[in-house]
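In terms of full-length UniProt numbering, the sequence shown opens at residue 1 and continues consecutively. Ideal Cβ positions, reconstructed from N, Cα and C, are used throughout, including at glycine.
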Amino acid sequence: MSANPTPQKSTNLHVGDAKPGCKKNDPILVIDNVKKTFGGLTAVDVEHLEIPRGAITALIGPNGAGKTTLFNLLTGFDTPDTGTWSFLGNQLAGVPSFKVAQMGQVRTFQLTKALSLLTVLENMKLGAKNQAGEKLINALIPSRWKKQDQEFEAKAMELLKRFKLDAKKDDFAGSLSGGQRKLLEMARALMTDPTLVMLDEPMAGVNPALTQSLLEHVLNLKNDGMTVLFVEHDMHMVRHIADWVVVMAEGKVVAEGAPDTVMREQAVIDAYLGAHQDTDLGVVTGRIQVISEEDK
């Protein structure tokens, strides 16, 4: 029996054939005609895309495919040339990033954004929303925010324990390792009680010793009722934890489907390895050991 049993995969996520832009049974995020150009280069050109609710969706593709740019557009960190998208039925085009997060759609970054000169605990508390002390009049009257601040600190400590960072609570965030900063970002995102968590390359720059821990935390997000959309280059990780995979190349969605199926599609292999290759991507990239049938 494997020490890391195969995650329970979500099924019946789509309607009809699994192809680019296919309908989902219960989409949480719906994207239409989103396009972004930089000079003469088209970075993103997504005609239609739906992200299934309650599942882990991987967004993959070669470097320069437009994955992070799409993340930036969907979360209000950049503005598209055209297009609309909705989250839980609410239109988000033109909504600033802080309001997107308040609505329950949060993200982490490929390059971590921890505030280095604040402690780990202070970084966590900054992630809480609707803080009474953010209003000047309340900030001047401690009785208006102290109780809430104590509640936020208790919640932050609970999350730090879950992510095994509680011993670092008084350390400056800048002193953490790359992997620990990734954990801090993920934990801080949960301070907002999100519905959709978007992770941009959560394994990038992470020591292999922390890889399994990060994997388990991503799986726990789904187990706790959240939807996960993540960008990743590690195909073994994608195959192991993703319920659904969306593939981008040159700004467009070129394939969608279950991991095992998508990684064998010729369009996907061509996007990664060049035309006229015939190789399952899962066996040529990545560092996460795939659990075999014998281990199940």
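Helix, strand or coil at Thr192 [DSSP, three-state]: coil
Between the CA atoms of Leu117 and Gly174 - distance to the nearest angstrom: 6 Å
Identity of the residue in Asp270, Lys113 and Met237 nearest Val218 by Cα: Met237
contact_flag[the segment 9-26, the segment 241-250] where n(CB pairs < 8 Å) is 3 or more: yes
For Gly66, the nearest candidate out of Ile141, Pro80 and Arg53 (CA to CA): Pro80
Whole-Å CB distance - Leu196 paired with Phe87, under 8 Å assumed: 7 Å
Candidates Pro259, Asp224 and Thr42, of which the one nearest His13 by Cα: Looking at the sequence shown, residue 13 is not His but Leu. Out of Pro259, Asp224 and Thr42, Pro259 has the C-alpha closest to the C-alpha of Leu13.
8 Å contact criterion, which Gly257 and Asp45 should meet: CB distance rounded: Actually they do not touch by this definition, with Cβ atoms about 20 Å apart.
Continuous beta strand (DSSP E) stretch holding Glu47: start and end: Leu41 to Pro52
Spatially closest choice to Glu185 from Lys113, Lys129 and Lys168, by CA coordinates: Lys113
Stretch pair the segment 51-63 + the segment 222-235: three plus CB contacts closer than 8 Å: yes
Whole beta strand (DSSP E) elements within the segment 34-119, 3-residue minimum: 41-52, 56-60, 82-87 and 105-107
When Ser97, Leu59 and Met103 are compared against Gly89, the one with the closest alpha-carbon: Met103
Spatially closest choice to Asp166 from Ala187, Asn63, Met263 and Arg144, by CA coordinates: Ala187
Local Cβ density within 10 Å of Gly127, reported as buried at 16 or more and exposed below that: buried
Those runs of the beta strand (DSSP E) which lie wholly inside the segment 166-225 and span at least 3 residues: 196-200
Pick from Met263, Val254 and Asp270 that is closest to His48, judged by C-alpha positions: Val254
Proximal residues to Leu73 (C-beta, below 7 Å), its chain only, five neighbours per side dropped: Val34, Lys36, Val44 and Pro80
Sequence-distant residues of its chain with Cβ nearer than 8 Å to Val15 (five each side left out): Cys22, Lys23, Lys24 and Asn25
When Lys129, Gln110 and Gly61 are compared against Lys145, the one with the closest alpha-carbon: Note that residue 145 is Trp in the sequence shown here, rather than Lys. Among Lys129, Gln110 and Gly61, the Cα nearest to that of Trp145 belongs to Lys129.
Leu159 versus Asn123, Lys99, Leu176 and Ile137, residue with shortest Cα-Cα distance: Asn123
Other residues of its chain near Asn4: CB distance less than 6 Å, five sequence neighbours each side excluded: In this prediction, Asn4 scores a pLDDT of 48, lower than 50, which makes its location untrustworthy; the coordinate-derived value is nonetheless stated afterwards. For Asn4, where only same-chain residues beyond five positions count, there are no Cβ hits under 6 Å.
Whole-angstrom distance between Trp85 and Val30, CA atom to CA atom: 5 Å
Inter-residue Cα distance where the pair is Gly61 and His233: 7 Å
Inter-residue spacing [alpha-carbon to alpha-carbon] between Val231 and Thr75: 14 Å
Short Cβ contact (7 Å threshold) for Ile269 with Ile56: no
For Met248, the first and last residue of its enclosing alpha helix (DSSP H): No alpha helix (DSSP H) contains Met248, which is instead part of the beta strand (DSSP E) from Trp244 to Ala249.
Element boundaries [beta strand (DSSP E), containing Lys252]: Lys252 to Gly257
Coarse secondary structure for Lys155, derived from DSSP in three states: helix
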